[in-house]
Every structure is written in C-alpha cells, then in structure tokens.
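Novice:
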Amino acid sequence: MRQGLAPRLVLLVYLLLLMLPIYWLVNMSLRTNSEIMSGLVLWPHHPTLAKYRAIFNDPSWVHAFGVSLTYVAINTVISVAVALPAAYAFNRYRFIGDKHLFFWLLTNLMAPAAVFAMPFFQLYYAVGLFDTVWAVALAHCLFNVPLAVWILEGFVGGVPREIDETAAIDGYSFPRFFIRIFLPLIANGVGVTAFFCFMFSWVEELLATTLTSSNALPFAAVMTRSYSASGMDWALLASAGVLTMIPGAVVIWFVRNHIAKGFALGRV
Amino acid sequence: MARIKLDGIAHAYLSHPRSDEDYALKPLHHVWEQGMAYALLGPSGCGKTTLLNIISGLVTPSEGRLFFDETDVTHLPTEQRNIAQVFQFPVIYDTMTVAQNLAFPLKNRKLPKPIIARRVAEIAAMLDLTRDLNRRARGLTADAKQKISLGRGLVRADVSAVLFDEPLTVIDPALKWELRSKLKAVHRALDLLMIYVTHDQIEALTFADKVVVMNEGRAVQIGTPEDLFERPEHTFVGYFIGSPGMNLMSAKVSGSRALVDGSELQLGSAYPSLATGGRVQVGVRPDYTSLTAGAGLPVQVRRIADLGRKRLAYVTLGSHQIVATVPPDMASVADQANVTFDPAHTHVYVDDIRVAGVAA
Amino acid sequence: MTEKPINNRAWLFTLPVLAFVLFSSIIPMMTVVNYSVQDTMGANHFFWNGAGWFRDLLNPSTEIGARFNDALFRTLAFSLTALLVEVPLGIAMALCIPRKGWVVGVSLVVMALPMLIPWNVVGTIWQIFTRADIGLFGAALTGLGINYNVTQNAVSAWITIVIIDVWHWTPLVILLSYAGLRAIPDAFYQAARIDGASRWAVFLNIELPKLQKVLVIAVLLRFMQTFMIYTEPVVVTGGGPGSATTFLSIDLVKIALGQVDLGNAAAMSLVYYLITLTVCWIFYTIMAQIERRRDA
Numbered sequence: 001m002r003q004g005l006a007p008r009l010v011l012l013v014y015l016l017l018l019m020l021p022i023y024w025l026v027n028m029s030l031r032t033n034s035e036i037m038s039g040l041v042l043w044p045h046h047p048t049l050a051k052y053r054a055i056f057n058d059p060s061w062v063h064a065f066g067v068s069l070t071y072v073a074i075n076t077v078i079s080v081a082v083a084l085p086a087a088y089a090f091n092r093y094r095f096i097g098d099k100h101l102f103f104w105l106l107t108n109l110m111a112p113a114a115v116f117a118m119p120f121f122q123l124y125y126a127v128g129l130f131d132t133v134w135a136v137a138l139a140h141c142l143f144n145v146p147l148a149v150w151i152l153e154g155f156v157g158g159v160p161r162e163i164d165e166t167a168a169i170d171g172y173s174f175p176r177f178f179i180r181i182f183l184p185l186i187a188n189g190v191g192v193t194a195f196f197c198f199m200f201s202w203v204e205e206l207l208a209t210t211l212t213s214s215n216a217l218p219f220a221a222v223m224t225r226s227y228s229a230s231g232m233d234w235a236l237l238a239s240a241g242v243l244t245m246i247p248g249a250v251v252i253w254f255v256r257n258h259i260a261k262g263f264a265l266g267r268v
Numbered sequence: 269m270a271r272i273k274l275d276g277i278a279h280a281y282l283s284h285p286r287s288d289e290d291y292a293l294k295p296l297h298h299v300w301e302q303g304m305a306y307a308l309l310g311p312s313g314c315g316k317t318t319l320l321n322i323i324s325g326l327v328t329p330s331e332g333r334l335f336f337d338e339t340d341v342t343h344l345p346t347e348q349r350n351i352a353q354v355f356q357f358p359v360i361y362d363t364m365t366v367a368q369n370l371a372f373p374l375k376n377r378k379l380p381k382p383i384i385a386r387r388v389a390e391i392a393a394m395l396d397l398t399r400d401l402n403r404r405a406r407g408l409t410a411d412a413k414q415k416i417s418l419g420r421g422l423v424r425a426d427v428s429a430v431l432f433d434e435p436l437t438v439i440d441p442a443l444k445w446e447l448r449s450k451l452k453a454v455h456r457a458l459d460l461l462m463i464y465v466t467h468d469q470i471e472a473l474t475f476a477d478k479v480v481v482m483n484e485g486r487a488v489q490i491g492t493p494e495d496l497f498e499r500p501e502h503t504f505v506g507y508f509i510g511s512p513g514m515n516l517m518s519a520k521v522s523g524s525r526a527l528v529d530g531s532e533l534q535l536g537s538a539y540p541s542l543a544t545g546g547r548v549q550v551g552v553r554p555d556y557t558s559l560t561a562g563a564g565l566p567v568q569v570r571r572i573a574d575l576g577r578k579r580l581a582y583v584t585l586g587s588h589q590i591v592a593t594v595p596p597d598m599a600s601v602a603d604q605a606n607v608t609f610d611p612a613h614t615h616v617y618v619d620d621i622r623v624a625g626v627a628a
Numbered sequence: 629m630t631e632k633p634i635n636n637r638a639w640l641f642t643l644p645v646l647a648f649v650l651f652s653s654i655i656p657m658m659t660v661v662n663y664s665v666q667d668t669m670g671a672n673h674f675f676w677n678g679a680g681w682f683r684d685l686l687n688p689s690t691e692i693g694a695r696f697n698d699a700l701f702r703t704l705a706f707s708l709t710a711l712l713v714e715v716p717l718g719i720a721m722a723l724c725i726p727r728k729g730w731v732v733g734v735s736l737v738v739m740a741l742p743m744l745i746p747w748n749v750v751g752t753i754w755q756i757f758t759r760a761d762i763g764l765f766g767a768a769l770t771g772l773g774i775n776y777n778v779t780q781n782a783v784s785a786w787i788t789i790v791i792i793d794v795w796h797w798t799p800l801v802i803l804l805s806y807a808g809l810r811a812i813p814d815a816f817y818q819a820a821r822i823d824g825a826s827r828w829a830v831f832l833n834i835e836l837p838k839l840q841k842v843l844v845i846a847v848l849l850r851f852m853q854t855f856m857i858y859t860e861p862v863v864v865t866g867g868g869p870g871s872a873t874t875f876l877s878i879d880l881v882k883i884a885l886g887q888v889d890l891g892n893a894a895a896m897s898l899v900y901y902l903i904t905l906t907v908c909w910i911f912y913t914i915m916a917q918i919e920r921r922r923d924a
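Taken in sequence, the protein lines are chains A, B and C. For the first sequence, position 176 matches number 176 in the working numbering, and the numbering has no gaps at all. When you read off a place in the second sequence, starting at 1, and then add 268, the result is the number in the working numbering. When you read off a place in the third sequence, starting at 1, and then add 628, the result is the number in the working numbering.
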C-alpha cells in the first residue's frame, strides 16, 4: 500500500544476513572435522548426521540437555506464578511503597549477573542447593520475576476493572474470580510472559555454569568440553549448537501470532 | 468547487465477491451537489464509512466510477483530490503548534510564507483558534483538536469537499452542540460541499440539508429531514429515524381501509392494486398515533413513559406492540384505552418499500 | 481513568515476589556489602576495612583503580557504539515490515531466532564464523585483503563484538519499534496523505513522536544489556587480545571467582550495581515524564 519495493528488498537482505551465521553453523554441523579443516565450502558436499548421533548416544549430553530444559521449565512456572498476584496488585491498587517496589523490581531486571555470581555461589552452597537444577531455576528468578511482573502488569491493565467489580457483586470469592474469570482473560498475556521467561532463562549462561559442577551441568557447560586430542571438535560443537536452537524455534512457532502483540506489552 | 457523482459505485472487501452479502457497498448512483451539506446516516456496518473513504480516495471501489465535476477520479490518489477529511478522533501533529499544524498542508504544497500566514490567520479566526495559535497542539482539549483537524482541511483554498467521519465521537456532550454550530457556520461561510457520516440521527437531522440513510450497504432513502420523517420510503427509515421509531403493523389492505388484527382503520389514500404475495405492513409514527378514551381501536396499555414535554404510551394492539402519544389533556390513563391513527400520515409498505396510494 | 483504590492489603499479593527478591537480591547483596567493607588475612579471619576497598577502586592511580577505570570506559564505549548502530537500524527495519500480510509473521519469527540462542552458542557461532580458515566471514574478509584477526588484532576484536551484539539484539529494537508503529492508528497516515506530507515528514512528525516511549524502553534495555555483556566476548575473544575486550562483567568475574580478592570484587560489584541503579532511575524518570506529558 504505502510500501514500495525498496523496503521489501532491504528487509529481505537483512533477514538473509541474519540467517547467514546460523546457516553456517548448520553447515558445520553436517560435516566431519577432517572435511571442515580441509577447505571452506558453502554447503556440505557429503552431509552427515554423525555428530548428531554422537550427541544423542552420549548420556552426558542428553542429561545436560534435560537439565537445561528442566531448570528453564521450573523457573518459568515459578516466575509466572509468583508474578501473577503481584502484577494484579500493582495494576489494581495503590499501596504504600508501590512505586518504589515497582522500580526496585525493574532494577533487578537490569542487574548484572556478574555482580551476583559470587554471592549466589556462596548462598546456594550454604543452603545445600549448589549443583542442582533448583539453584539455577531460583537464581534466574532474579531477572525473570521482575520481567514477568512487568509484562503481566501491562496485560492486567488491559482488562477493565468493571469485570472485577461485577464479579464481586455477583458473589465470587476472590480466588474463584481470579482463577475462573480473570486468568482466562489474560491467557494471552500469561503465554507471552511464559515465552519471555523461557527465553531469558534458556539463554543465560554465566549463572547456569557458575552454580553447577557435575550433577546438574547445563548443556552450555558440556559444550565447552568439546576438545579432543586433535584440537577443537568443531563439528560436534556446531551440532550441539544447532540442537540448542530447536527449543527456541519450537517456542517461537507456537507464539508466532502473539509476538508483535506481546512486545507491545500494553506499554506502547 | 465540485459536484461529486457516484456512477454505479460498489465495493466488496473480498477480491472475488460471489453474492450480494460479500458487498460492503451495493451499486450506488448519486450526485452530491456543491455547496450542500449531506449526512450519511446509518447503523454500524452499513457501509457509510466505506463510501466516505471511496470519495476521499483512501479506498478504491471494486466497481463503478467516481467523478469530481466532469473528471473521472476513481483511481486518482487522495493527495490529488482536493478534499479534506476529519476523522473520529482528532488527528493532529503532536510536536507542532496550532499554527504549524494549520500551515502544514500549505507548506507541503510549497506555497509562499506570507500566503500561508494569511490563510492560517483566516481559518484560525473562523474557528476561534486565534488565541491558541502559538500553543502546542498536544495540550488542547479534544474539541479544539478537532477544530484544528478541520482547519487543516479548510486551509487549502482549493478544497472542494469536506468529509466528516463521526467527528463528534470523542467530544464532551456539552461541547458537541457548540462544535456542531461551528460546523454549520463554516458551511454557510465557505459554501463547501460537506458530507457528514454519523449513526446519530440528531446530528444528521440538525446538520444536513439532505440525509442519505444507509443500511446493509444500500442507500435506502435520500431526502431532507422532513422527507425522512413524514414520508419514510422504507420501513428501515421509519424505524431508524424518530425516537421512538415508526409503529409497523402487518395488515390486510383493501381499497382505503386496512385490517390490523381484526380492527379496522382508515387510510389516507386508496390502494387499488397491491401486489399479492408480499408482506403488507401499515406504518404510522407515534407522533401521529393518539391515545383516546373513547373512539379508536382498542388497546391494552402496558406502561406510560413521561418525557416531560410529552407522554408516550406503550400499548398492545392485537399482536402488535406499538407506541402512542398521550394527549396533554388526558389526566390519567386506564389499562384499557383506544388509539386513533392520523390517516394523512399512515403509510402502506409492501416488502418494506412504501407504496404510494391514489386519492381516495 | 478512574483512580485506583488505595488498599494496603495489596502487599499480601506481592509477598511471594518479595520473598523471591529477598532471596535473589537482598541477601546476596548483603553478602557483597559485607565483603566490601572487610578484609581478610585468610583462614576466614575478617577485620574491618571501611571504605578502603572503595578508595582503591575509584582511584585511577592504583592498580585496581586503573583496571576498573579502563574496564568501565571500555564498557561505556561499547554500549554507546552498539546503541548508535542498533537503534537507528532497528527503527529502519521496523519501518520496512509491512502492516499486515504473511511477510509480517515470517519476518518476526526469523528475527526472534537470534534472541533465543543460548549466549554461549551465539559466541560459538561467531567463533566459527570469524575464523579465517573455517568461517565464511573470516575467510571473506581475509580474502579481500583486510587484516582481520579476532584473537590477535584489537580493532578486529572490537568490531567483531559490536557486530555480534548488533546481530544478536537489533531484533529486540525492531520488535519493540514495530509494536509501537502498529499502535499508530491508520487515520494518522490517512490524514498525512491528505495533507500531502512526504514520507520523511510522516516519519518525523507522526512516527517518531509516537515511538518515544518505546524507544526509551528499547534504549534502556539495550544499554543495560550491553553494559553487562559477558558470555559472548568470553567465548569469542576471551576478553582479548590482552584486555581489549575485557568489559566490566568479565573483569569482575575474573577477580571474584578467579582470585581470592573478595574485597576488591565486592567493592567493584557494588559500584557496578550502583551505576546500573542510577541509569535505571534516570530512564524511569524520563519514562514517567513522557507518560505525564502524554496524559496532559
């Protein structure tokens, strides 16, 4: 309509450039190390899934992948559950210190993980949670809980207060109202929030590796062990990398219709 | 100055419309005379905004042709059509002052500064905006912002028509009247063709010289407010115009008498040959339906509504629920009463279209 | 909008969040504060050091002070550079996405992908991509005769980290800007057409003003993330060559976890944290200002 050809072309070029490094990784993952070192080619001439098979057959890799998925899932559930009542409170009521609390939550969102690496290490060691999925799941709450509150508060704001008032008049107790009436109305928002919590927990690496050592090693940590006697195992590394992108791609696919709406967060 | 002619304009939002339902706007032929004020009146979804957007060029009609004077502008882009449009909510440039807002269209057409300044001053004076000329447009009230939107349209001397898309929607009720009067004053001063879309009949009837009543993509009747009130050509017009709308009763008509649920009433004209097989209805406005204590058709009174300057009786006549006016001298109303219909204002409709009778 | 009722019982709703914040940030920070004002002679024996660590840290002439200063400026320079590239690029790309149609869905999904890759894998991708022997980017640049070497050439390393960040995070700016643009009602564009405004005038007078709030959020998020960048430089350059790409987070982790220099690390953590708090507060105030002006 108002768009000419030029913006479309620019967009296309940008998207292609964006995919290029990812494509390159996939390219690497489908070849053997000797083939990689022998020369640079634009696509694998003899594609092989050998490295993928190696990963699937190696219990430490599989365990690590499971560990990563587990702490991300735990974290998402906790973050959303904890944030829901708080988001409701922030949007529907004024109370002493509400602005300050909200601001403080925001700063936690921005807190450098590096600042917390050492204290978390000592804290979780002290409570005996070191090297468990719970340590990472809880540690990620540092930024995910504020994020969840922030996003959910926007969505709560999208529901007219009249609905709350009507439910109260109709005799609903608050828990019943919240679960049966309110939650379905912000289901969208809960989905978007869960998506973001998943995203930021899945990608974080510093805390995940600092707080684990052998039992609960996340996938990222196992990846750094991809050295062999003959140097860096690039093909293995690449295959592992490609595998980490799959959960992300799956999740985006499921929320693809809500991405733009989600980023609006009710805040634009 | 322009007269706008619609030649078979129709529009379907789907690319391959199959049936009548797919058309948001059914084929329409109409001429909008220059200098007149028209209202496009109808319920939501009747196609009035689509029609307005076709005239302004924001939508290209899927069928038909549009003429400004004698020029075919059907495919001419909006910028070149010399029309102005005011939207439902004020559209102003936040970062500019009122004066800069008004000057914007002229600046884009590269007019010399003195001329721009003069035009801006003229239009601001006409719209009572002179005082606010150097204020940021952002901080003003909604009605002032709508005036700015209007002003941006009027500031171009060559504008031939002004289109309004429910412009009073976000205005405070107290200020609606003022803004309406201002619009009428502008109309008289500039003698422009104005087309005003609304779903509010009061706005339409007070603003327009002629009203186009639309329903489901069709122009159902075009006429002066009086025409629409006294002689609705379509039962929809009878129902939509007037508050409350027209009483409609299914009837059997023979000659100059009609039979409604066993009661007989006198018609103003004779209807010798009504097409058989159609749905026949008799329509009378509540204003011409009087409650009487004695003569008339027997009705059951359900309730009385006291509107201050008049009282309405909601009654049941046979199987029909109708509304009658209570004469001012009738002190109290019993449960059983009678109604009379003014034969001069009784209309006959076959399949929703009014049939003209012959002198009885 | 009706005023919100005052209800101090609402604190109950926030208790779970408070509990987590207590656990996740207050208690850890107390530990840090504790360490930052004490010194140890080893064997868990601590004595008060007051503001000693802080004085050393903020004094550029001491070793730790110089190191902190360098890292701070390095990080600020990096943040600024990244912002200067990502924000205009993000807005420009958002303008290229159509308002509706299948292109929208595909673009958004493709753009979201880089943000869902674990940060160490992002590092790995670029580690491979920038090598002259096995990476397309490295090979192409070297083939063009450019002296490009991430591990040995500081300029290469710097530019590479910026490119990685742009690749990784511009989509966030795009998505936020796009959401902001979509929120602009059609009527504004229509009115602009009727007013005969040029594309550039539409951008300056309609789109940019309406994007204010979104852009403030985007700048805040991006500044914060670049200010605490850690994983990607560590994987790709290891902080080198030398300390060319050793940003604040990397330095802090080296000191805190690598050596037994708890006092320095703690002081550095606190100062680092305070800087982020201040920046946050500035942005929060700006956002509140915009809100207030908008509601006026």
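Quick reminder that beta carbons are idealized off the backbone N, C-alpha and C, glycines included. Predicted model only: the values in this text are computed from it and were never measured.
Any chance you could list the alpha helix (DSSP H) runs of at least 4 consecutive residues sitting entirely within the stretch 92 to 126 of chain A, in chain order?
Specialist: 98 to 109, 113 to 126
Novice: Residues of the stretch 857 to 870 of chain C with a CB closer than 7 Å to any CB of chain A: list them in chain order, please.
Specialist: Y858, T859
Novice: Quick check on the DSSP output: the beta strand (DSSP E) that includes E331/B runs from which residue to which?
Specialist: Indexing the second sequence from 1 puts residue 331/B at position 63. 331 to 336 is the span of the beta strand (DSSP E), which, as asked, contains E331/B.
Novice: In terms of residues, what are the limits of the beta strand (DSSP E) holding Q489/B?
Specialist: Walking along the second sequence from the start, residue 489/B turns up at place 221. Note, Q489/B: beta strand (DSSP E), 486 to 491.
Novice: Would you call E204/A buried or exposed, if buried means 16 or more other Cβ atoms sit within 10 Å of its Cβ?
Specialist: Within the first sequence, the letter at position 204 stands for residue 204/A. E204/A comes out buried.
Novice: For Y663/C, I'd like the list of residues in its chain whose CB is within less than 7 Å of its CB, leaving aside the five on either flank, ordered along the chain.
Specialist: For the purposes of this step, residue 663/C is taken as residue 35 along the third sequence, with counting starting at 1. Hits under 7 Å: L890, G891, A894.
Novice: State buried or exposed for V626/B, treating a residue as buried only when at least 16 other CB atoms are found within 10 Å of its CB.
Specialist: The count along the second sequence starts at 1 and reaches residue 626/B at position 358. V626/B is exposed by the Cβ-count criterion.
Novice: Using 9 Å as the threshold, is the C-beta distance between D684/C and G693/C below it?
Specialist: For the purposes of this step, residue 684/C is taken as residue 56 along the third sequence, with counting starting at 1. For the purposes of this step, residue 693/C is taken as residue 65 along the third sequence, with counting starting at 1. Contact: yes.
Novice: Please report whether the beta-carbon of T874/C lies at a distance below 9 Å from any beta-carbon of chain A.
Specialist: Your numbering for residue 874/C matches position 246 in the third sequence. Judged by the 9 Å Cβ criterion, T874/C is not in contact with chain A.
Novice: Whose Cβ in chain C lies nearer than 7 Å to the Cβ of T409/B?
Specialist: Indexing the second sequence from 1 puts residue 409/B at position 141. The premise fails here: T409/B is roughly 11 Å from chain C at the closest Cβ pair, so nothing lies under 7 Å.
Novice: Does G824/C get closer than 9 Å to chain A when you measure Cβ to Cβ?
Specialist: Counting from 1 along the third sequence, the entry for residue 824/C is found at position 196. Chain A, which has no Cβ nearer than 9 Å to the Cβ of G824/C, makes this no.
Novice: If we ignore side chains and look at the alpha-carbon of each, how far apart do V618/B and D468/B end up?
Specialist: Counted from its first residue, the second sequence places residue 618/B at position 350. Counted from its first residue, the second sequence places residue 468/B at position 200. So the two alpha carbons sit approximately 27 Å from each other.
Novice: With DSSP as the reference, please indicate the residues paired to A472/B in a beta bridge.
Specialist: Taking the second sequence and counting its residues from 1, the one referred to as residue 472/B is at position 204. The partner list for A472/B (beta bridge, DSSP) is empty, contrary to what the question assumes.
Novice: Answer with yes or no whether the minimum CB distance from Y617/B to chain C is below 9 Å.
Specialist: Position 349 of the second sequence, counted from the first residue, corresponds to residue 617/B. No, Y617/B lies away from the interface with chain C (no Cβ there is under 9 Å from its Cβ).
Novice: Straight-line CA distance for Y858/C to Y93/A?
Specialist: Reading the third sequence from its first residue, position 230 is the one you call residue 858/C. Reading the first sequence from its first residue, position 93 is the one you call residue 93/A. Spanning the two alpha carbons is a distance of roughly 38 Å.
Novice: By a C-beta neighbour count over all protein chains shown, 10 Å radius and 16 as the cutoff for buried, is N369/B buried or exposed?
Specialist: Reading the second sequence from its first residue, position 101 is the one you call residue 369/B. Buried, by the Cβ-count rule.
Novice: What did DSSP end up calling T503/B once you bin it into helix, strand or coil?
Specialist: Here the question's residue 503/B lines up with position 235 in the second sequence. Residue state, collapsed to three classes: helix.
Novice: Hey, does F648/C have any beta-carbon neighbour from chain A nearer than 9 Å?
Specialist: Working through the third sequence from its first residue, we reach residue 648/C at position 20. At least one chain A Cβ lies under 9 Å of F648/C.
Novice: If you follow the alpha helix (DSSP H) that W300/B is part of, which residue opens it and which one closes it?
Specialist: Here residue 300/B refers to the residue found at position 32 of the second sequence. Unbroken run through W300/B is the beta strand (DSSP E), 291 to 300; no alpha helix (DSSP H).
Novice: Along the chain, where does the beta strand (DSSP E) containing T788/C start, and where does it finish?
Specialist: For the purposes of this step, residue 788/C is taken as the residue at position 160 of the third sequence. Here T788/C belongs to no beta strand (DSSP E); instead the alpha helix (DSSP H) covers 782 to 810.
Novice: Alpha carbon to alpha carbon, how far is T503/B from P311/B?
Specialist: On the second sequence, position 235 is the one that residue 503/B refers to. On the second sequence, position 43 is the one that residue 311/B refers to. Roughly 14 Å separates the two Cα atoms.
Novice: Would you be able to state if there are at least three C-beta pairs under 8 Å between the stretch 780 to 787 of chain C and the stretch 59 to 67 of chain A?
Specialist: As far as the Cβ criterion goes, the stretch 59 to 67 of chain A does not touch the stretch 780 to 787 of chain C, which means the pair count is below three.
Novice: Just to confirm, is the Cβ distance from Y539/B to V528/B under 9 Å?
Specialist: If you number the second sequence from 1, residue 539/B lands on position 271. If you number the second sequence from 1, residue 528/B lands on position 260. No. Outside cutoff.
Novice: If contact means a Cβ-Cβ distance below 9 Å, which residues of the stretch 725 to 737 of chain C contact chain E?
Specialist: In the structure shown, chain E cannot be found, because the protein chains are A, B and C.
Novice: Exposed or buried, what is M658/C when buried is set at 16 or more other beta-carbons lying within 10 Å of its beta-carbon?
Specialist: Locating residue 658/C in the third sequence gives position 30, where the first residue counts as 1. By the neighbour-count definition (other C-beta atoms within 10 Å, threshold 16), M658/C is an exposed residue.
Novice: Whole-angstrom Cβ separation of F508/B and V481/B, contact assumed at under 8 Å?
Specialist: In the second sequence, counting from the first residue as 1, residue 508/B sits at position 240. In the second sequence, counting from the first residue as 1, residue 481/B sits at position 213. Their Cβ separation, rounded to whole angstroms, is 7 Å, which keeps F508/B and V481/B in contact under 8 Å.
Novice: In this structure, how does DSSP classify H467/B when only helix, strand and coil are distinguished?
Specialist: The residue given as residue 467/B occupies position 199 in the second sequence. If DSSP states are grouped into helix, strand and coil, H467/B belongs with coil.
Novice: Pick from V136/A, V149/A, Y125/A: whose alpha carbon is nearest that of F219/A?
Specialist: Stepping through the first sequence from its first residue, residue 219/A is reached at position 219. Of the candidates V136/A, V149/A, Y125/A, the one whose C-alpha sits nearest the C-alpha of F219/A is V136/A.
Novice: Name the one or two DSSP bridge partners that G551/B has.
Specialist: Within the second sequence, numbered from 1, the residue matching residue 551/B stands at position 283. Partner(s): L516/B, H615/B.
Novice: Within the continuous alpha helix (DSSP H) that includes Y817/C, where are the two ends?
Specialist: Here residue 817/C refers to the residue found at position 189 of the third sequence. Taken as a continuous stretch (DSSP letters only), the alpha helix (DSSP H) holding Y817/C covers 814 to 822.
Novice: Taking the alpha-carbon positions, what's the R553/B to D396/B distance?
Specialist: Here the question's residue 553/B lines up with position 285 in the second sequence. Here the question's residue 396/B lines up with position 128 in the second sequence. Going by the C-alpha atoms only, they are around 41 Å apart.
Novice: Look at the alpha carbon of R256/A and the alpha carbon of A392/B, and state the distance between them as a whole number of angstroms.
Specialist: Translated into the one-based positions of the first sequence, residue 256/A becomes position 256. Translated into the one-based positions of the second sequence, residue 392/B becomes position 124. Cα to Cα, R256/A sits roughly 49 Å from A392/B.
Novice: Any contact of the stretch 746 to 762 of chain C with the stretch 860 to 870 of chain C, i.e. 3+ C-beta pairs under 8 Å?
Specialist: By the criterion of at least three beta-carbon pairs nearer than 8 Å, the stretch 746 to 762 of chain C is in contact with the stretch 860 to 870 of chain C.
Novice: Please state the DSSP three-state secondary structure of M896/C.
Specialist: The residue given as residue 896/C occupies position 268 in the third sequence. Reduced to three states, the DSSP call for M896/C is helix.
Novice: Counting only C-beta atoms, is T854/C closer than 9 Å to chain A at any point?
Specialist: Locating residue 854/C in the third sequence gives position 226, counting from the first residue. Output row for T854/C: interface = no.
Novice: Applying the 10 Å Cβ sphere with the 16-neighbour rule, what's the burial state of T339/B?
Specialist: Counting from one through the second sequence, the residue named residue 339/B turns up at place 71. So T339/B counts as exposed.
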